[in-house]
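Visitor:
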Amino acid sequence: MSRSDWEVVIGLEVHAQLDTASKIFSGASTAFGAEPNRQASAVDIALPGVLPVLNRGAVERAIRFGLAIGAHVAEKSVFARKNYFYPDLPKGYQISQMDLPVVVGGTITIRVGEGESAYEKTVRLTRAHLEEDAGKSLHEDFHGMTGIDLNRAGTPLLEIVSEPDMRSSAEAVAYARTLHALVRWIDICDGNMQEGSFRCDANVSVRRKGATEFGTRREIKNLNSFRFLQQAIDYEVQWQIDTLEDGGRIEQATVLFDPDTGETRMMRSKEDAHDYRYFPDPDLLPLMIAPEWKARVQAEMPELPGAMKGRFMDDWGLSAYDATTLTASKEVADFYQATVSAAGAALAKPCANWVMGELAARLNKAELDVAASPVSPAQLAGLVARIADNTISNAIARKVFEALWNGEGATADEVIDKQGLRQVTDTGAIEAMIDEVLAANQKSVEEFRAGKEKAFNALVGQVMKASKGKAGPAQVNALLRKKLGA
Amino acid sequence: MSLSNDQVGHIARLARIALSDTELEATRAKLDGIFGLIEQMQAVDTTGVEPMSHPQEFPTRLRPDVVTETDRRDAFQKVAPQTEAGLYLVPKVIE
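Read top to bottom, the protein sequences are chains B and A. Just so we're aligned, residue 32 is where the first sequence starts under my numbering, counting upward by one. Just so we're aligned, residue 72 is where the second sequence starts under my numbering, counting upward by one.
1. Can you find a C-beta in chain A that's less than 7 Å from the C-beta of V109/B?
2. From this set, Q283/B, V109/B, T456/B, which residue's C-alpha is nearest K301/B's C-alpha?
3. What number of angstroms, rounded off, separates the C-alpha of F432/B from the C-alpha of A376/B?
4. Between the C-alpha atoms of Y352/B and L335/B, what's the straight-line distance to the nearest angstrom?
5. Please name the residue, chosen from N255/B, S236/B, T355/B, that lies closest to T209/B on a Cα-to-Cα basis.
6. So is K163/A in contact with chain B if we call contact Cβ pairs under 7 Å?
7. According to DSSP, which residues form a beta bridge with H160/B?
8. Taking Cβ positions only, does V84/B come closer than 7 Å to chain A?
9. Is it true that the CB of L435/B sits closer than 7 Å to the CB of V406/B?
10. Under 7 Å Cβ-Cβ, which residues of chain A neighbour S60/B?
11. If you check the beta carbons only, do I418/B and A426/B fall under 7 Å apart?
12. Any idea if M339/B is buried or exposed, counting beta-carbon neighbours within 10 angstroms, 16 or more meaning buried?
13. I'd like the span of the beta strand (DSSP E) that includes H46/B, first residue to last.
14. In whole angstroms, give me the CA-to-CA distance for V363/B and S236/B.
15. At a cut of 8 Å, does the stretch 64-73 of chain B reach the stretch 237-256 of chain B through at least three beta carbon pairs?
16. How is S124/A classed by DSSP in three states: helix, strand or coil?
17. Note the first and the last residue of the continuous beta strand (DSSP E) segment covering K252/B.
18. Since F288/B meets chain A, which of its residues come closer than 7 Å, beta carbon to beta carbon?
19. What span of residues does the beta strand (DSSP E) with D180/B cover, start to end?
20. Report back the beta-carbon spacing between V386/B and E91/B to the nearest angstrom; my notes put them in contact at under 8 Å.
21. Assuming Y104/B and K325/B make a contact with CB atoms under 8 Å, what is their CB distance in whole Å?
22. Under three-state DSSP, which class holds I427/B?
23. For the stretch 41-56 of chain B, enumerate the residues whose C-beta is nearer than 7 Å to any C-beta of chain A, in chain order.
24. At the 7 Å Cβ level, is T177/B part of the contact set with chain A, yes or no?
25. By alpha-carbon positions, which one of D180/B, E147/B, P132/B ends up nearest to L161/B?
26. Take M224/B and list the residues in its own chain whose beta-carbon comes closer than 7 Å to its own, dropping the five residues that flank it on each side.
27. If you follow the beta strand (DSSP E) that V214/B is in, where does it begin and where does it stop?
28. Which of helix, strand or coil does DSSP assign to N114/B?
29. Going along chain A, which residues have a C-beta under 8 Å from V90/B?
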């Protein structure tokens, strides 16, 4: 048996922290990084007699998500108590949703892989529900005790559950990335994975190819980076296949991924699985969402990445790869659209090349966000326009870009004029340079005449050098061939 | 319907309530009484009646997303058995 005899089945549960100012059931702040327990109100620490009051902003974000994935946003949903004991959960239960979640169904289209082998796939979502986050336990040594910080307790979460539709770790990562981009795009979650704003649990099982029943799954908890998600799934899949091929059985379990060893290990078996005893929370009445509310949220919705991608391809002739890359985040898409709107739609393709090429590389090197780019969309558009009208070559354009990046001019035109970078198109001037080069490189000329095409390229290079890069290679090429009578 | 002592023991464990054997028996009898009541209610024909999650037929109130709470950590921590560096201290827990 080999790996190819097995099919991998993955479903993801993602906890997205909603970026509200206040908590889901109290008026305490949700700002990250406060001193311990300074943002834990009487409701958050569960003092007797307090009552939860639902945050409109959290509900609105859930509606936005539901509409963005084409899901059913429930007219009526119900909060339930999920009961378990842990010190960072002061009430002894988490307020969540069980039987009637706020968002039901929906789909997300992902693009997996790169180049020729890339493909698209639609992943179905089961549901998304609102719930509160727990506090944090600090297990450093406090005289053999555990420290509890309840600042995070009551932070609103949207738990987004997919169907088991993914068939490889690459698909799982593509889904997680697409979802991550979407929640940021529609401005419901800051997506900061280091701070725990976007956390993934992966349900993984394997079955023999052609089997109709799913295998027994194990759930990998709390993966807080795309790399760990990939590594954890890959390890888990291999472990399950090895276990089954050795005649073993998979027991349903919850496991943790250890980034240091790259392995998953058992956290609890099915026997120890929690019995949460869900029941409707008597402290909260049903959440009713009127059609008018949905309509208003829909009207305020920004153009979604899928629609924008289609528009880039249909209206501006971009490839699927380019359109996907440029809609990977709202910031990049905004920058690109601003560039095209300044340069004109006819230059959409070269604008795409510059945003994804030189600009992305430079930003990456400087560890800057596109929103903080020293080169503005208008400046980049000006640069692209000068390449298009043959004022400068691509090689010179990179110099101009560098100058704009360093603030050595307000516009591409200013840099071109100040540094005398205008492309030489005057035939006479170029021919004069060619004559000089030919005179100084008799050996190359003879070699070319003897049939060595390489010698021709060397001569072109010499002329380009003589022009300080300001001559257009195509023009030099043509004039040189004419001179040599070739 | 009647509960077994094992079932009552399980529920007690989940609720972190320690029950002696005599308490277990007494608790079982009380819970059986509640189940009797539920059985009586289940005899009512509820065909076509949508289940309610709350006895009141109102939608939940919503509050605007505004920070209204101030820092009252010092007052809250006065009643806590043990605190340090702003944290509540509890017996060591490792899951």
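We treat Cβ as the ideally placed atom computed from N, Cα and C, and that holds for glycine.
Guide: Taking the coordinates as given:
1. It does; some Cβ of chain A falls within 7 Å.
2. Q283/B
3. 21 Å
4. If I take the Cα positions, the gap works out to 17 Å.
5. T355/B
6. So yes, K163/A belongs to the interface.
7. E190/B
8. A Cβ of chain A is located within less than 7 Å of the beta carbon of V84/B.
9. yes
10. V138
11. no
12. buried
13. 37-48
14. Using only the alpha carbons, I get a separation of about 36 Å.
15. no
16. coil
17. 249-254
18. Within chain A, no residue comes near F288/B; the closest Cβ sits about 15 Å away, beyond 7 Å.
19. 176-180
20. That pair is no contact at about 32 Å.
21. A small correction: the amino acid at residue 104/B is Val; Tyr does not occupy that position in the sequence shown. Yes, V104/B and K325/B are in contact; Cβ-Cβ is about 6 Å, under 8 Å.
22. helix
23. T51, A52, S53
24. yes
25. P132/B
26. Cβ within range, chain order: N255, S256.
27. From DSSP, V214/B is part of no beta strand (DSSP E) but of the alpha helix (DSSP H) over 200-216.
28. Three-state result, N114/B: strand.
29. L133
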